[in-house]
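Working notes, beginning with the structure itself.
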Amino acid sequence: MKNFVALLFLAGVTLCTAATANAQALKVTVPFDFVVNGKTLPAATYTIRDTLPNDTTDLAFIGDHRGLLFRATEIDDTVTGTKLVFHHIGDEYFLSDVVTPRGKLHFPASRKATQRAQGADTPSVTIVAANQ
Numbered sequence: 036m037k038n039f040v041a042l043l044f045l046a047g048v049t050l051c052t053a054a055t056a057n058a059q060a061l062k063v064t065v066p067f068d069f070v071v072n073g074k075t076l077p078a079a080t081y082t083i084r085d086t087l088p089n090d091t092t093d094l095a096f097i098g099d100h101r102g103l104l105f106r107a108t109e110i111d112d113t114v115t116g117t118k119l120v121f122h123h124i125g126d127e128y129f130l131s132d133v134v135t136p137r138g139k140l141h142f143p144a145s146r147k148a149t150q151r152a153q154g155a156d157t158p159s160v161t162i163v164a165a166n167q
């Protein structure tokens, strides 16, 4: 039942975003597991899109027959492009920013990322380019 509800929700999000003329989805292959807002996502090819036409902070990550929603805390419309920016701390990657044609959406560091950063060397930045 839980899977059915999740699938129904994902189908609704997909239909809502597909109906939006201005919706610009990014397709990106992330070659490593990564953490966003405290949730670990596996290495996969993801389609990243707005969840609703007028919602500028929520993004849907759809990949490998599952989808998850994440909320950005900041938007900078002066930075545009098509890429994902990760902080590599220890042996983990943490999503920091999703740069889209409409702006850069910033995702806050999770508690886990903050704790790891305190005991590690300076985190490196990894950028994964996205296709539109």
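Numbers given in my numbering equal positions in the sequence shown, counted from 1, plus 35.
Don't be surprised by glycine CBs; every beta carbon is placed ideally from N, CA and C.
A straight-line Cα-Cα distance of about 15 Å links H123 and K74. As DSSP reads the structure, L103 sits in a beta bridge with F96. Rounded to the nearest whole angstrom, the CA to CA distance from T149 to T135 is 25 Å. Closest option to A60, judged by alpha-carbon separation, among D85, D132 and K147: D85. Non-local C-beta neighbours of L103 in its own chain, meaning closer than 6 Å and more than five positions away in sequence, comprise F96, ordered along the chain. Less than 8 Å divides the Cβ of V163 from the Cβ of V65.
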